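Chemist:
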Amino acid sequence: MGPPPTAASLPGTADLAPVFPDLSDPRIGQLFQAGAAAGNLPYTFAHIGGLPLAQTEVIRAFAPGKSYNLASQGDLQAVIDWFNQMLGDGTTSFSRSSVASTFDWTVIDLLDPSRANPSACAPGETPLDCELRMTQPVLVFVSVGFNDALRGMDLGTFEAQLRQVVATVAGRGVVPVLLSLPRSNVVDVTVAQGFNEAIFRVAQESGAPVLNVWRLLSEVPGFGSNGEMLSVSPSGEGDLDPSATGNFGVNALNNALLRFLSEFRAIVLTGL
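Here the sequence shown is numbered in the working numbering, starting from 7 and rising by one per residue.
Laid out in structure tokens, this is it:
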């Protein structure tokens with residue numbers, strides 16, 4: 007187990023980059039147009055990888071039938087409704103269980119056909135390709151690095167595999183949205199910073215936007231961490247009142263995911 011996170015660590019890219027990326031990069035719009043021509047669904051997003059998105063309280067808080075509190079952010083209801091449009095299997099982006107997301111997965115698992123769900127995926131298909139085929143999303147949240155760092159994966163291997171994931175996603179006309187690692191008392195801060203540097207390098211090369219979870223949670227008590235998991239407000243994961251988003255990791259991340267999706271719809275999905 008690494009030492010607890012500390013605010014005194016030397017600043018890296020994730021400390022300085024904004025929480026929300028600039029979505030006006032023309033490469034993002036070009037990917038969307040290519041995906042639209044290929045039949046991707048503008049009301050669908052997917053998520054792949056491991057923690058923190060594989061934590062059950064993340065994303066799913068806004069699925070149909072769930073109770074949540076938008077507090078003063080009533081404008082977010084429109085984006086919840088948009089991405090809760092029904093998919094062919096009767097699920098929505100918020101309720102669907104991704105075939106490419108599992109609690110303990112690393113980036114390598116996304117590209118390993120032996121890790122694919124045989125009841126959903128074709129023989130020889132990777133979990134990543136399977137999820138992209140099944141959902142035809144406009145964007146995919148890529149949550150990798152935490153488990154990779156926890157298991158001591160070589161940083162060069164991680165970066166090369168992440169580059170392949172991003173290329174695969176973009177090759178389908180889907181916008182890859184990378185998440186930086188959150189701080190945690192189970193991963194050494196300098197190790198986590200190294201993985202975040204790799205994530206930002208791949209993002210800069212490819213034009214993939216980064217939702218900077220590291221900085222998002224930097225002012226949340228305990229960095230929003232509860233060991234391997236993010237902390238959750240006693241009022242529930244769907245509570246977006248400032249008392250919840252300012253003090254608990256899951257609530258802060260759920261709020262940021264909705265805000266990102268809202269901005270993505272306004273800027274990239276113009277007119278939809």
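Every residue gets a Cβ at the ideal spot worked out from N, C-alpha and C, and that includes glycine.
On a predicted model such as this, the values are computed, not experimentally measured, just so you know.
1. With a threshold of 8 Å, are at least 3 pairs of Cβ atoms found where one atom belongs to the stretch 238-254 and the other to the stretch 64-79?
2. Among the residues of its own chain, which have a CB less than 8 Å from the CB of Gln61, if the five just before and after it don't count?
3. If you follow the beta strand (DSSP E) that Val146 is in, where does it begin and where does it stop?
4. Along the beta strand (DSSP E) that carries Pro1, what are the first and last residues, could you check?
5. Pro182 by DSSP, collapsed to three states: which one?
6. Alpha carbon to alpha carbon, how far is Phe152 from Arg271?
7. Excluding five sequence neighbours on each side, which residues of the same chain lie with their C-beta closer than 7 Å to the C-beta of Gln142?
8. Assuming Arg189 and Val197 form a contact by the criterion Cβ under 8 Å, report the distance between their Cβ atoms to the nearest whole angstrom.
9. Roughly how far, in whole angstroms, is the beta-carbon of Val216 from the beta-carbon of Ala209, given that I think they are within contact range, below 8 Å?
10. Please list, in chain order, all residues of the same chain as Phe26 whose beta carbon is under 8 Å from its beta carbon, the five residues on each side excluded.
11. Mind checking Arg157: buried by the 16 CB within 10 Å criterion, or exposed?
Modeler: Once the coordinates are examined:
1. yes
2. Phe109, Met235, Leu236 and Val256
3. Pro143 to Ser149
4. In this structure the chain extends from 7 to 278, so residue 1 is not present and cannot be described.
5. strand
6. Cα to Cα, the separation comes out at about 28 Å.
7. Gly45, Asn46, Leu47 and Thr50
8. Going by Cβ atoms, the distance from Arg189 to Val197 rounds to 11 Å, so no, they are not a contact pair.
9. 5 Å
10. Leu217, Asn218, Ala262, Arg265, Phe266 and Glu269
11. exposed
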